[in-house]
Structure formats: structure tokens, C-alpha cells
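A.B. asks: Handing you this structure, nothing more for now.
There are 2 protein chains.
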Amino acid sequence: MKLLRNTLLETFVAVVDSGGFTDAQFALGITQSAISIRIRDLETALGYRICERGRGGFRLTERGEIAYNKARDILRSARDFDAELLELRGITTGDLRIGVIDAVNTLAELKLEKSLKQFLDRPNEVRLEIVVASPTELTQRLITGELHVAIAPFRNQVAELSYTELCQEEHRLYCGREHPLYDFPDEQIDKEVIAHYQICQRSYNMLDPPNLQLNHPKAIVANMEAMATLIETGHYLGPLPVHFVESRRQSKSLRELAPSLLHWTSTFYLATRSTSLYRRAVELFVEDLVRCCGSDT
Amino acid sequence: MKLLRNTLLETFVAVVDSGGFTDAQFALGITQSAISIRIRDLETALGYRICERGRGGFRLTERGEIAYNKARDILRSARDFDAELLELRGITTGDLRIGVIDAVNTLAELKLEKSLKQFLDRPNEVRLEIVVASPTELTQRLITGELHVAIAPFRNQVAELSYTELCQEEHRLYCGREHPLYDFPDEQIDKEVIAHYQICQRSYNMLDPPNLQLNHPKAIVANMEAMATLIETGHYLGPLPVHFVESRRQSKSLRELAPSLLHWTSTFYLATRSTSLYRRAVELFVEDLVRCCGSDT
DNA sequence: TAAGCAATATGATATTTTTTCATGTACAAA
DNA sequence: TTTGTACATGAAAAAATATCATATTGCTTA
Chain A
8 MKLLRNTLLE
18 TFVAVVDSGG
28 FTDAQFALGI
38 TQSAISIRIR
48 DLETALGYRI
58 CERGRGGFRL
68 TERGEIAYNK
78 ARDILRSARD
88 FDAELLELRG
98 ITTGDLRIGV
108 IDAVNTLAEL
118 KLEKSLKQFL
128 DRPNEVRLEI
138 VVASPTELTQ
148 RLITGELHVA
158 IAPFRNQVAE
168 LSYTELCQEE
178 HRLYCGREHP
188 LYDFPDEQID
198 KEVIAHYQIC
208 QRSYNMLDPP
218 NLQLNHPKAI
228 VANMEAMATL
238 IETGHYLGPL
248 PVHFVESRRQ
258 SKSLRELAPS
268 LLHWTSTFYL
278 ATRSTSLYRR
288 AVELFVEDLV
298 RCCGSDT
Chain B
8 MKLLRNTLLE
18 TFVAVVDSGG
28 FTDAQFALGI
38 TQSAISIRIR
48 DLETALGYRI
58 CERGRGGFRL
68 TERGEIAYNK
78 ARDILRSARD
88 FDAELLELRG
98 ITTGDLRIGV
108 IDAVNTLAEL
118 KLEKSLKQFL
128 DRPNEVRLEI
138 VVASPTELTQ
148 RLITGELHVA
158 IAPFRNQVAE
168 LSYTELCQEE
178 HRLYCGREHP
188 LYDFPDEQID
198 KEVIAHYQIC
208 QRSYNMLDPP
218 NLQLNHPKAI
228 VANMEAMATL
238 IETGHYLGPL
248 PVHFVESRRQ
258 SKSLRELAPS
268 LLHWTSTFYL
278 ATRSTSLYRR
288 AVELFVEDLV
298 RCCGSDT
């Protein structure tokens, strides 16, 4: 049972997500009439129209748009609130919303899979949600409470969050088979040489090869797969995590450039809100993750 | 009408605040049976008992205590959420919860009264709440959202809040009629002399006379009235805001010590949450206050 | 330009939830 | 033991919310 009943808001959100009343019937398990009435009631309560509907299609009004976003937020925190109170029974329940940076599943040192398994092996009623996003976005979503924990190489840390070091990720510079440097002997490669070629970067400048001069127009990607693709075209050099390259078939089509010269690491952190409300599920998962990562490095 | 209906939690909070079911009837405007049923339902939903009741008296259980605090928090944010959505109509409504340090009403430069009047003169449906507390507490309550704005001489400012300078408050050191220094000529008073007497301080060390050596056991107070009382005993010297002393009868029984030597000022700030949700009422009051304070200084 | 259709609104009725009223139970104090 | 207070409970009433059938509306389409 739910502690807070937000029938009207839940209906509103479901209607928006379903793009109209008709489809929301199935999402909500009530008839279209009921939905119609609920939306009317909500509009009466608010004193303004939240959406245009009818044969012309479904569309939020300007205020409706604002209301929708706020409603989603409050529903999420209502769920978390429920979970907090229910967890006082000793049962692990509610949402656990985890954010990670992309290409994290092959980072063996992180032990994400192992700790998730440990967490889930315990008796629990947790609804898991995993989101992939950039460190900046993850930070933002942690602060708003949209995420409970996030895992990424956070470079600029903010006061609202607290960070725990998890592991290191090793990076090298790679080129594709078609690239002029592909057949170059390592001994002849140095930063001077590298500087002649275009380099592809991640949009959040977090994996920059340190001390590399980037004189040339460079490509920007927001995702590891995209990075690999661009490097494979043979047009760009680019940094990639070693585990990422080694875990895939195409590794043969990529070449590490002067690994003794061009290698660097980034530190992965677990981030949570400093002033987090107590949630057993979050607590337990953090424990599991930190334990698994700490066990051998 | 309310957007979020938290019947169960509202009942719970009202019952706790009324100290039992019987009195909560009047607070809630429903019969005792209804309350009994609601509390039972809440306990069923939670899966644990939240309070002991019966002829033996009313008492929260351990978990009930936790639940009560969380419930109060969520109800407050639900009210604010309602206000946010309702204010999209253009009507100023909802709570406006203001925190101030004590003895603020005689600080003329602050123009608190004038700006409150301006604010309230506008058509509005705002429920005002004014809380008096120490700067530390005010900071805490702002962060949790318990307060919307706070006014005090904040000395250590935190990142979560943003501060606007409002005005200055002038302080002097005073002694009571019975104090040995009461009849001392100002010329003979210096820090050396002062250091021989006990000084009373505010518990948040914010109005400390700068550069005063406090060698002697000193008294601590958390409130301006208390400070005045202790000074009037003739046993302590103590700092007081000038406006505070001048605005009351007893000023004759207090003496400023070497005002040319011993005077200092503290800066009053208005603090709000940096990442505050948009509330028209809050916005307007802040405008009013800043305008009134800025108009002449 | 009217018929057809798809999306929502509405009125009457059914169902469920919540409240009250009357009464029962338990327990501390007299 | 009695009494009175504080809460619990069952039945009935009231209120809120749902459904079903049908109306309305505006956009296609012929």
C-alpha cells in the first residue's frame, strides 16, 4: 500500500507518458472516463489547463509542461519516502537508481556485476534502475535525487556529493588499421609525431591524454563506442580504456601507440549525496560495491 | 483543493501534535473513529506500530518517532509543491517560512516590518510563518527546506545557500549599574582594564568583541534578552546591539563602555537556498526586503 | 460538405472507500 | 469494584470514485 496517494498526478504523468488518454487506460488499468475525470479534477484544482487534447492530438500546455516535470519529481521523491518508511520494517525495498558512465561493464576492477549480484542475492524487494550518462549529467541527477548513486571518473567533485574511490582505469592512445601510424614502429612515435594527426576526444574532457598538444581540429564524441568507430575509420587517433579494447573483437583492427610512452589512468569514484536520506537499499549496495572493489586491487 | 492527498500522514502528524486521538478530532475535524481507522491503516501499510495509545497515555514508538519526523518533512514539501504548481496561475500562495535571529525587530536599518507590509499589501493567499533561531539553526533549516529565507549575521556561509547583504548592526560593550566599571570614566577604560572582568557571550560566537582577551570564565547566552539580563545583574560585561539597548526602558541601567574604543559592527544577510525551487511568494518577499534595505542606508 | 472516425467528455449507475454513530473493550485511578 | 477516559469496532450512512453507455467535437476523406 502507498503512504501518499497522488492519484491525480500519477494519472497526469501516465497520460503524458502515453501520449493521450486512450493509451493511458492500459498503463493505469482504469477506463478512459476515469482518466478524463481525473484530468479535469486536476485542472480544476490547479486552476489552469494542463494539456490540449481531442482529435487534434495530445499536447501539453506551457504550464502543463512545467507541472509535468515537477509532478515527476515529486512522485519520485514520494516513492523514495515510501521506501524510507517501509524499510524501517527491516525489509530492503523501494527504488535503487544507479547511474554509470558508459563502457563500464568491461572494467573488470570495478566489480559492478559481482556487487550487484551480492546485493540482489539478499532477500529484497528492490526495483533496480540503471542509467548511463556523462559525469556531468550524473552529478546533476544525483543532486536532484533522480539517482541514488553514480559511478564514473568524476574529475571535478562538488560539495553536495561525497565520493569514494573505487578503482583505476587504464587508457592508451589507439589508431585504426587505415591510419598512417598503424605500421609505424613504436620507437619512432613520440608526442611530436602524434601532434601531426587529428585526435578524437570525449565531450566531457575527462580522458584527455595528458600533455598532448592538440593543434589539429579534433572530433568530439560522447560515447565510447562512437570513439572506437571514429578511430576505426583510420582518420583519428583517440584514447580508449584498455579493458574496452581488449574485450572486443575489433581489437585487432586497433593498435596501441607507444604504450610505454602514452598511457595514463583515471580514477573511478562512487558518488552519493552527502546529505542523503537514509535508505537501506542504497546503503547496502554502496557497502557491497566498496567491499568488492576493495577486496583485491 | 490539494494535489497530493496524504490523509494518513496528515492524521498521524496531527495526532502526534495533539498528543492523542481525542484532541486530534478537533484539529482534523473528523470523529475519533475515523482517526482510529486511519492510524490502523497507516500501521498496516507500514507494517509496524507507530504509537502506543490507550488509557496509559499516548507515546510514539521508536520507529514511529522516525516516521513522524519524515512525515512532517514530506508534508511540508508537499505543501510547497502544491504552492509551486498553484502559483503558475499567477496567484501568490502557499507558505512563506521566514527565519530570523532574535532581537531583530528593533534593528531599524533592516526594514523588516516595512518590507513585510509591502509584501502583504499585495493581493496574496500566503500563510506566513516566522521562526526565531540562531544562525546555525537557520542555516540548517534553510538547507532542509524547512525555511524559505533567513535573516541573520551569517558569519560562516555555506555553499548550498546564497547570501545577500542587507545592513549593518552596531555593537557596543555594556555593563550594569552594579558593575564596578559603571562609574569609571571612559578615558581610563581600555582592553587591559576590560580583561579583568567577566564577559558574557552569545552561544554562537558571532558578536564577539574583536580583539578582546577573554581570560575569565564567561557566561554564555543564546538570546539577546538573556544577555541583557545577565549584564543587568552587574556581574558581567557583554556586547549588545546599540538599537537593542536604545529601544528599551532599561537602557538607563546599562552603560556603554568606551564607545569610541569598543565598537564593532556585524553584517546582516538574507540567505536562501541556491537551488531553490521557484516560488513566487519567496521571490517577491526577497525583492521587497532587498529593495527596502537598499533604498537608504 | 456531409459522413466517418478517433479522441475525449458526460450522465446515470455501480462500486469502493471513508465517515459517522452507537457501542464495546481495556485499563488506570478512585 | 467502580468509574471514567481513551481508543477500537461493527453496521449503516455518506462520499468519493469507478464503469458503462452514449454524446460531443474536430479532423479526414470521399
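Just so you know, the protein sequences line up as chains A and B, in that order.
8 is the number of the first residue of the first sequence in my numbering; add one for each residue after it.
8 is the number of the first residue of the second sequence in my numbering; add one for each residue after it.
Where a beta carbon is used, it is the ideal one built from N, C-alpha and C, also for glycine.
Being a predicted model, the structure only gives us computed values, none of them experimental.
At a Cβ cut of 8 Å, what residues of the stretch 79-94 of chain A count as close to chain B, listed as they run along the chain?
C.D. replies: Taking 8 Å as the Cβ-Cβ cut-off against chain B, the residues of the stretch 79-94 of chain A that qualify are 81, 84, 85, 88, 91, 92 and 93.
A.B. asks: Go ahead and label residue 214 of chain A buried or exposed: buried means 16 or more other beta carbons lie within 10 angstroms of its beta carbon, across all protein chains shown.
C.D. replies: As a first step, residue 214 of chain A is located in the first sequence; it is residue number 207 there, counting from the start. Low confidence applies to residue 214 of chain A: its pLDDT is 49, below 50, so where it sits in the model is not reliable, and the reading given next is rough at best. By the neighbour-count rule (16 or more Cβ atoms within 10 Å), residue 214 of chain A is buried.
A.B. asks: Are the stretch 103-111 of chain B and the stretch 128-142 of chain B touching by the rule of at least three beta carbon pairs closer than 8 Å?
C.D. replies: Flag = yes, the stretch 103-111 of chain B and the stretch 128-142 of chain B touch.
A.B. asks: Jot down the residue ranges of each uninterrupted beta strand (DSSP E) in the stretch 63-113 of chain B, minimum 3 residues, whole runs only, in chain order.
C.D. replies: The qualifying runs are 100-107.
A.B. asks: Output needed for residue 133 of chain A: all residues of its chain with C-beta closer than 7 Å, excluding positions within five of it in sequence on either side, in chain order.
C.D. replies: Indexing the first sequence from 1 puts residue 133 of chain A at position 126. Cβ within range, chain order: 99, 100, 101, 103 and 288.
A.B. asks: Consult DSSP for residue 140 of chain B and reduce its assignment to one of helix, strand or coil.
C.D. replies: Here residue 140 of chain B is taken as the residue at index 133 of the second sequence, counted from 1. Three-state DSSP puts residue 140 of chain B in coil, outside helix and strand.
A.B. asks: Return no unless some Cβ of chain B is closer than 7 Å to the Cβ of residue 96 of chain A.
C.D. replies: For the purposes of this step, residue 96 of chain A is taken as residue 89 along the first sequence, with counting starting at 1. Taking Cβ atoms only, chain B reaches closer than 7 Å to residue 96 of chain A, which makes this a yes.
A.B. asks: Considering only residues of the same chain and omitting the five flanking positions on each side of residue 158 of chain A, which have a CB-CB separation below 6 Å?
C.D. replies: Start at 1 with the first residue of the first sequence, and residue 158 of chain A comes out as number 151. If we look at residue 158 of chain A and ignore the five residues flanking it on each side, its Cβ neighbours are 107 and 277.
A.B. asks: Answer with yes or no whether the minimum CB distance from residue 12 of chain A to chain B is below 7 Å.
C.D. replies: Counting from one through the first sequence, the residue named residue 12 of chain A turns up at place 5. Yes, residue 12 of chain A lies at the interface with chain B (some Cβ there is under 7 Å from its Cβ).
A.B. asks: Using the DSSP secondary-structure output, state which residues sit across from residue 157 of chain B in a beta bridge.
C.D. replies: What you label residue 157 of chain B is simply residue 150 of the second sequence in a count that begins at 1. In DSSP, residue 157 of chain B forms a bridge with B/106 and B/278.
A.B. asks: Taking all protein chains shown into account, do 16 or more other C-beta atoms lie within 10 angstroms of the C-beta of residue 67 of chain B, making it buried, or fewer, making it exposed?
C.D. replies: Indexing the second sequence from 1 puts residue 67 of chain B at position 60. Residue 67 of chain B comes out buried.
A.B. asks: Would the beta-carbon of residue 42 of chain B fall within 7 Å of that of residue 14 of chain B?
C.D. replies: As a position in the second sequence, residue 42 of chain B is number 35, starting the count at 1. As a position in the second sequence, residue 14 of chain B is number 7, starting the count at 1. Not in contact: residue 42 of chain B and residue 14 of chain B (Cβ atoms no closer than 7 Å).
A.B. asks: For residue 308 of chain A, report the span of its beta strand (DSSP E) as first-last.
C.D. replies: Because chain A here runs from 8 to 304, residue 308 of chain A falls outside it and cannot be looked at.
A.B. asks: Name the two residues that bound the continuous alpha helix (DSSP H) containing residue 249 of chain B.
C.D. replies: Reading the second sequence from its first residue, position 242 is the one you call residue 249 of chain B. It spans 249-253 - the alpha helix (DSSP H) in which residue 249 of chain B sits, taken as one unbroken run.
A.B. asks: Mark residue 295 of chain A as exposed unless 16 or more other C-beta atoms lie within 10 angstroms of its C-beta, in which case mark it buried.
C.D. replies: For the purposes of this step, residue 295 of chain A is taken as the residue at position 288 of the first sequence. Looking at its Cβ environment, which holds 16 or more other Cβ atoms inside 10 Å, residue 295 of chain A is buried.
A.B. asks: Confirm, please, whether the CB-CB distance from residue 52 of chain B to residue 35 of chain B is below 7 Å.
C.D. replies: On the second sequence, residue 35 of chain B is found 28 positions in, with the first residue counted as 1. On the second sequence, residue 52 of chain B is found 45 positions in, with the first residue counted as 1. It is not a contact, given that the beta carbons lie outside the stated cut-off.
A.B. asks: Identify which residue in B/115, B/209 and B/247 has its Cα closest to the Cα of residue 301 of chain B.
C.D. replies: As a first step, residue 301 of chain B is located in the second sequence; it is residue number 294 there, counting from the start. Here the closest residue by C-alpha is B/115.
A.B. asks: Which residue from A/181, A/149 and A/85 puts its Cα closest to that of residue 266 of chain A?
C.D. replies: By one-based count along the first sequence, residue 266 of chain A stands at place 259. When only C-alpha atoms are compared, the closest one is A/181.
A.B. asks: If we count the other Cβ atoms within 10 Å of its Cβ and call it buried at 16 or more, is residue 227 of chain A buried or exposed?
C.D. replies: As a working mapping, residue 227 of chain A is identified with position 220 in the first sequence. Classification for residue 227 of chain A: exposed.
A.B. asks: What in chain A is Cβ-close to residue 180 of chain B, meaning under 7 Å?
C.D. replies: Here the question's residue 180 of chain B lines up with position 173 in the second sequence. Chain A residues near residue 180 of chain B: none, gap ~37 Å exceeds 7 Å.
A.B. asks: Taking all protein chains shown into account, decide if residue 285 of chain A is buried (16 or more other Cβ within 10 angstroms of its Cβ) or exposed.
C.D. replies: Working through the first sequence from its first residue, we reach residue 285 of chain A at position 278. Residue 285 of chain A should be labelled exposed.
A.B. asks: Under the three-state reduction of DSSP, which class applies to residue 39 of chain B: helix, strand or coil?
C.D. replies: Translated into the one-based positions of the second sequence, residue 39 of chain B becomes position 32. Helix, per DSSP.
A.B. asks: Our contact map puts residue 264 of chain B next to residue 244 of chain B with C-beta atoms below 8 Å; I'd like the distance itself, whole angstroms only.
C.D. replies: Along the second sequence, read from residue 1 onward, the residue named residue 264 of chain B stands at position 257. Along the second sequence, read from residue 1 onward, the residue named residue 244 of chain B stands at position 237. Correct: roughly 7 Å between the Cβ atoms.
A.B. asks: Could you tell me how far apart the beta carbons of residue 54 of chain A and residue 262 of chain B are, in whole angstroms, since I believe they sit closer than 8 Å?
C.D. replies: Here residue 54 of chain A refers to the residue found at position 47 of the first sequence. Here residue 262 of chain B refers to the residue found at position 255 of the second sequence. So it is not a contact: roughly 60 Å between Cβ atoms.
A.B. asks: If you measure from the beta carbon of residue 54 of chain A to each beta carbon in chain B, is any gap under 7 Å?
C.D. replies: On the first sequence, position 47 is the one that residue 54 of chain A refers to. Yes, residue 54 of chain A counts as interfacial toward chain B.
A.B. asks: Of the residues B/241, B/206, B/248 and B/117, which one's Cα is nearest the Cα of residue 231 of chain B?
C.D. replies: Position 224 of the second sequence, counted from the first residue, corresponds to residue 231 of chain B. Taking only the C-alpha atoms, the option nearest residue 231 of chain B is B/248.
A.B. asks: Pick helix, strand or coil for residue 273 of chain A, following the three-state DSSP scheme.
C.D. replies: Taking the first sequence and counting its residues from 1, the one referred to as residue 273 of chain A is at position 266. Residue 273 of chain A: strand per DSSP, three-state reduction.
A.B. asks: Which residues of the stretch 67-79 of chain B have a Cβ closer than 7 Å to any Cβ of chain A? Give them in chain order.
C.D. replies: Result list: 70, 73, 74 and 77.
A.B. asks: In this structure, does DSSP put residue 214 of chain A in helix, strand or coil?
C.D. replies: On the first sequence, position 207 is the one that residue 214 of chain A refers to. Note that residue 214 of chain A has pLDDT 49, beneath the 50 cutoff, so the model's placement of it is unreliable and the number below is only indicative. Looking at residue 214 of chain A - three-state DSSP - the assignment turns out to be coil, as it is neither helix nor strand.
A.B. asks: For a contact defined as C-beta to C-beta under 7 Å, what are the partners of residue 117 of chain B on chain A?
C.D. replies: Residue numbering aside, residue 117 of chain B sits at position 110 when the second sequence is read from its first letter. Residues of chain A passing the Cβ test: none, with the nearest at roughly 30 Å.
A.B. asks: Quick one, which of B/79, B/282 and B/271 has its alpha-carbon nearest residue 178 of chain B's?
C.D. replies: Counting from one through the second sequence, the residue named residue 178 of chain B turns up at place 171. Selected option, being the one with the closest Cα: B/271.
A.B. asks: Tell me which residues share the same chain as residue 240 of chain B and place their Cβ nearer than 8 Å to its Cβ, disregarding the 5 neighbours each side in the sequence.
C.D. replies: In the second sequence, counting from the first residue as 1, residue 240 of chain B sits at position 233. Cβ within range, chain order: 183 and 185.
A.B. asks: Is the beta carbon of residue 110 of chain A sitting closer than 7 Å to the one on residue 251 of chain A?
C.D. replies: Counted from its first residue, the first sequence places residue 110 of chain A at position 103. Counted from its first residue, the first sequence places residue 251 of chain A at position 244. For residue 110 of chain A and residue 251 of chain A, yes; Cβs fall inside 7 Å.
A.B. asks: For residue 58 of chain B, list the residues DSSP reports as bridge partners.
C.D. replies: Stepping through the second sequence from its first residue, residue 58 of chain B is reached at position 51. Paired residues: B/67.
A.B. asks: Between residue 28 of chain A and residue 56 of chain A, what straight-line distance do the alpha-carbon atoms span, to the nearest angstrom?
C.D. replies: Reading the first sequence from its first residue, position 21 is the one you call residue 28 of chain A. Reading the first sequence from its first residue, position 49 is the one you call residue 56 of chain A. Distance between the alpha carbons of residue 28 of chain A and residue 56 of chain A is about 15 Å.
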